[in-house]
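Undergrad: Residue numbers (the numbering used here): 14 to 364. Mind having a look at this structure? Questions to follow.
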Ligand SMILES: NC(=O)C1=CN([C@@H]2O[C@H](COP(=O)(O)OP(=O)(O)OC[C@H]3O[C@@H](n4cnc5c(N)ncnc54)[C@H](O)[C@@H]3O)[C@@H](O)[C@H]2O)C=CC1
Ligand SMILES: O=C(CO)COP(=O)(O)O
């Protein structure tokens with residue numbers, strides 16, 4: 014039995030608390046407001062974010078970050094990316110000496126272009142950090158439906174500790190040392206999910222969605238490899254896996270946001286209507302900036318940036334993508350494979 018603090022009682026923090034409680038760990042779930050903590054304690058439910066779900070009675074909700082973090086061996090941070098710089102300084106002084114920080118959020122910070130593990134390093138200093146990421150809608154995890162994710166850390170033993178912490182019969186956890194690839198894949202798929210929702214909102218069908226997902230993965234991989242990721246990570250759970258789940262599901266807030274924009278709503282209207290975080294909007298800005306800085310061609314991200322931040326008409330964005338100059342498919346996709354030490358890509362996957 015381990016002691017764990019989950020920081021952020023939105024849908025994902027709550028679902029992860031359930032996995033940890035199911036595994037017999039002592040779980041403190043930190044909420045931003047006292048009212049929310051009291052409501053969870055009194056009703057045994059998170060009425061705001063996962064209303065129909067009965068939480069294990071062992072989960073202790075608290076609005077005291079000191080109470081949550083002190084004594085915890087694992088601190089799982091699950092707030093939206095834009096809240097990281099507010100929340101991390103609040104918990105920093107209560108961290109135990111050997112506490113492992115795990116984050117489960119998906120985003121890149123605009124302007125600094127930092128991944129979340131890098132923001133954690135800036136805010137709390139040099140500590141063991143892991144990221145968990147993969148195709149995992151909270152709505153299904155809380156029903157204990159089969160789910161697979163990746164635990165990533167540059168320290169193999171930390172990734173494995175986190176794997177052991179979360180893994181159970183309905184929640185299967187793999188490890189991958191490629192922290193850059195895992196964080197980039199999980200963050201950038203949200204951009205493509207917004208685009209996928211837009212194509213449905215415009216009335217397009219399966220062909221458009223498949224095109225966007227495939228070419229989206231190509232540009233995610235191009236940027237990721239430029240940043241130092243292993244290209245094969247993008248065909249794993251935190252890459253292709255999460256791209257599929259987010260681009261094809263009504264559960265996805267990013268997909269739903271794109272769908273509403275495709276139907277004609279403005280970005281601000283959509284964000285207000287959603288009432289939950291739509292990470293892909295800020296990440297589109299960050300990825301667009303990064304692609305310009307690094308000279309990486311990301312045509313889908315560019316068009317989505319112009320739709321989301323420069324009021325470009327969605328149909329004009331589609332026309333711009335479809336009317337690009339002719340290209341070879343495979344050459345661009347394969348660039349980066351020369352980074353691998355092994356000549357046979359399949360050797361990189363454990364059976
Ligand atoms: N919902 C899901 O199925 C999954 C979500 N994620 C990621 O997890 C992260 C959190 O997402 P959700 O839980 O779904 O979001 P959510 O919108 O359901 O909840 C966000 C939570 O963060 C809190 N929060 C917001 N701003 C805050 C601030 N400034 N300070 C402190 N707390 C603040 C809110 O009170 C709320 O408890 C995101 O990065 C998302 O991409 C990852 C995998 C699955
Ligand atoms: O990352 C997710 C599932 O893996 C959740 O995606 P949304 O934030 O779009 O709901």
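Note that the Cβ used here is the ideal one computed from N, Cα and C, for glycine as well.
Would you kindly check if the distance between the Cβ of residue 316 and the Cβ of residue 331 is under 9 Å?
TA: By 1-based counting over the chain shown, the position of residue 331 is 318. By 1-based counting over the chain shown, the position of residue 316 is 303. The answer is yes: Cβ separation under 9 Å.
Undergrad: I'd like to know if the stretch 98-117 and the stretch 301-311 are in contact, where contact means that at least 3 CB-CB pairs between them fall below 8 Å.
TA: Verdict: no, contact absent.
Undergrad: Give a yes or no on contact between the stretch 131-148 and the stretch 188-200, applying the rule of three or more CB pairs nearer than 8 Å.
TA: In short, these stretches touch, since the Cβ pair count reaches three.
Undergrad: For residue 67, which residues of its own chain have a beta-carbon under 8 Å away from its beta-carbon, when the five flanking residues on both sides are left out?
TA: Residue mapping note: residue 67 aligns to position 54 of the chain shown, counting from 1. Cβ within range, chain order: 57, 58.
Undergrad: For residue 73, which beta-bridge partners are listed by DSSP?
TA: For this step, residue 73 is matched to residue 60 along the chain shown. Per DSSP, 41.
Undergrad: Can you find a heavy atom of ligand 1 that lies under 8 Å from the Cβ of residue 25?
TA: Taking the first residue of the chain shown as position 1, residue 25 is located at position 12. Yes, ligand 1 has a heavy atom inside 8 Å of this Cβ.
Undergrad: Looking only at its chain, what residues have a beta carbon closer than 6 Å to the beta carbon of residue 290, apart from the 5 residues adjacent to it on each side?
TA: Residue numbering aside, residue 290 sits at position 277 when the chain shown is read from its first letter. Excluding residues within five positions, the ones whose Cβ falls inside 6 Å are 93.
Undergrad: So, helix, strand or coil for residue 16, using DSSP?
TA: Your numbering for residue 16 matches position 3 in the chain shown. Strand.
Undergrad: Would you please state the rounded distance, in angstroms, between the beta carbons of residue 163 and residue 236? I believe it to be under 8 Å.
TA: Locating residue 163 in the chain shown gives position 150, counting from the first residue. Locating residue 236 in the chain shown gives position 223, counting from the first residue. In fact, because the Cβ distance is near 19 Å, the residues do not count as touching under 8 Å.
Undergrad: Within its chain, find whatever has a CB closer than 8 Å to the CB of residue 127; leave out the 5 residues flanking it on each side and keep chain order.
TA: Position 114 of the chain shown, counted from the start, is the residue given in the question as residue 127. Around residue 127: 121, 135.
Undergrad: Under three-state DSSP, which class holds residue 24?
TA: Here the question's residue 24 lines up with position 11 in the chain shown. In this structure, residue 24 counts as helix in the three-state DSSP scheme.
Undergrad: For residue 263, count the other beta carbons within 10 Å of its own beta carbon; 16 or more makes it buried, fewer makes it exposed. Which is it?
TA: Position 250 of the chain shown, counted from the start, is the residue given in the question as residue 263. Answer is exposed; the Cβ neighbour count stays below 16.
Undergrad: Compare the beta carbon distance of residue 230 and residue 205 with 9 Å and say whether it is the shorter of the two.
TA: Counted from its first residue, the chain shown places residue 230 at position 217. Counted from its first residue, the chain shown places residue 205 at position 192. The answer is yes: Cβ separation under 9 Å.
Undergrad: Return helix, strand or coil for residue 63, following the three-state DSSP convention.
TA: Position 50 of the chain shown, counting from 1, holds the residue named residue 63. Three-state DSSP puts residue 63 in a strand.
Undergrad: From this set, 95, 91, 319, 161, which residue's C-alpha is nearest residue 333's C-alpha?
TA: As a working mapping, residue 333 is identified with position 320 in the chain shown. Checked all of 95, 91, 319, 161; the closest Cα to residue 333 is 319.
Undergrad: Kindly indicate which residue of 20, 301, 178 has the alpha-carbon position closest to the one of residue 14.
TA: Here residue 14 corresponds to residue number 1 of the chain shown, with the count starting at 1. The shortest Cα separation from residue 14 among 20, 301, 178 belongs to 178.
Undergrad: Between the C-alpha atoms of residue 62 and residue 184, what's the straight-line distance to the nearest angstrom?
TA: For the purposes of this step, residue 62 is taken as the residue at position 49 of the chain shown. For the purposes of this step, residue 184 is taken as the residue at position 171 of the chain shown. Their Cα atoms are separated by approximately 21 Å.
Undergrad: Kindly examine ligand 2 and report whether one of its heavy atoms sits closer than 8 Å to the Cβ of residue 156.
TA: Against the chain shown, residue 156 aligns to sequence position 143. Result no, Cβ not under 8 Å from ligand 2.
Undergrad: Among residues of its own chain, excluding the 5 on either side of residue 34, which ones have a beta-carbon nearer than 8 Å to its beta-carbon?
TA: Here residue 34 refers to the residue found at position 21 of the chain shown. Cβ within range, chain order: 40, 68, 69, 71, 72.
Undergrad: Measure the C-alpha to C-alpha separation of residue 325 and residue 273 and round it to an integer number of angstroms.
TA: To locate residue 325, count along the chain shown from 1; it is residue 312. To locate residue 273, count along the chain shown from 1; it is residue 260. Roughly 15 Å between the two C-alpha positions.
Undergrad: Return the first residue and the last residue of the beta strand (DSSP E) that residue 189 is part of.
TA: Locating residue 189 in the chain shown gives position 176, counting from the first residue. Its beta strand (DSSP E) spans residues 184-189.
Undergrad: Pick helix, strand or coil for residue 181, following the three-state DSSP scheme.
TA: One-based indexing of the chain shown puts residue 181 at position 168. Looking at residue 181 - three-state DSSP - the assignment turns out to be strand.
Undergrad: Round the Cβ separation of residue 17 and residue 118 to the nearest angstrom and send it over; I've been treating them as touching at under 8 Å.
TA: Translated into the one-based positions of the chain shown, residue 17 becomes position 4. Translated into the one-based positions of the chain shown, residue 118 becomes position 105. Not a contact, Cβ separation roughly 16 Å.
Undergrad: How long is the line joining the alpha carbons of residue 156 and residue 32, rounded to whole angstroms?
TA: Start at 1 with the first residue of the chain shown, and residue 156 comes out as number 143. Start at 1 with the first residue of the chain shown, and residue 32 comes out as number 19. Whole-angstrom Cα-Cα distance: 10 Å.
Undergrad: Where do the ends of the alpha helix (DSSP H) carrying residue 78 lie?
TA: Residue 78 sits at position 65 when you count from the first residue of the chain shown. Run containing residue 78: 78-82, per the alpha helix (DSSP H) assignment.
Undergrad: Within a Cβ cutoff of 6 Å, which residues of the same chain sit near residue 26, ignoring the five residues on either side of it in sequence?
TA: Residue numbering aside, residue 26 sits at position 13 when the chain shown is read from its first letter. So the qualifying residues of the chain are 19, 91.
Undergrad: How about residue 283: is its Cβ closer than 8 Å to a heavy atom in ligand 2?
TA: To locate residue 283, count along the chain shown from 1; it is residue 270. Result no, Cβ not under 8 Å from ligand 2.
Undergrad: So, for residue 300: in the same chain, excluding its five sequence neighbours on each side, which residues have a beta-carbon less than 7 Å away from its beta-carbon?
TA: Start at 1 with the first residue of the chain shown, and residue 300 comes out as number 287. Within the same chain, residue 300 has close Cβ partners 121, 201, 204, 236, 311, 314.
Undergrad: Within the present structure, is the beta-carbon of residue 149 separated from the nearest heavy atom of ligand 1 by less than 8 Å?
TA: Taking the first residue of the chain shown as 1, we reach residue 149 at position 136. Checking every heavy atom of ligand 1 against the Cβ of residue 149, one is found closer than 8 Å.
Undergrad: Compute every distance between the C-beta of residue 49 and the non-hydrogen atoms of ligand 1, then say whether any falls below 8 Å.
TA: Start at 1 with the first residue of the chain shown, and residue 49 comes out as number 36. Answer for residue 49: yes, Cβ within range of ligand 1.
Undergrad: Can you determine whether any heavy atom of ligand 2 sits closer than 8 Å to the C-beta of residue 30, and answer yes or no?
TA: Taking the first residue of the chain shown as position 1, residue 30 is located at position 17. Incorrect: residue 30 has no Cβ contact closer than 8 Å to ligand 2.
Undergrad: Does DSSP classify residue 85 as helix, strand or coil?
TA: As a first step, residue 85 is located in the chain shown; it is residue number 72 there, counting from the start. Note: residue 85 maps to coil in three-state DSSP.
Undergrad: Taking all protein chains shown into account, decide if residue 329 is buried (16 or more other Cβ within 10 angstroms of its Cβ) or exposed.
TA: Locating residue 329 in the chain shown gives position 316, where the first residue counts as 1. Residue 329 comes out exposed.
Undergrad: Could you pull out every unbroken beta strand (DSSP E) segment of at least 3 residues lying fully inside the stretch 122-172, listed in chain order?
TA: Those beta strand (DSSP E) runs which fall completely within the stretch 122-172 and span 3+ residues are 142-146, 160-165.
Undergrad: Beta carbon of residue 293: closer than 8 Å to some heavy atom of ligand 2?
TA: Here the question's residue 293 lines up with position 280 in the chain shown. Yes, Cβ of residue 293 sits closer than 8 Å to a heavy atom of ligand 2.
Undergrad: Within a Cβ cutoff of 6 Å, which residues of the same chain sit near residue 23, ignoring the five residues on either side of it in sequence?
TA: Looking up residue 23 in the chain shown gives position 10. Hits under 6 Å: 62.
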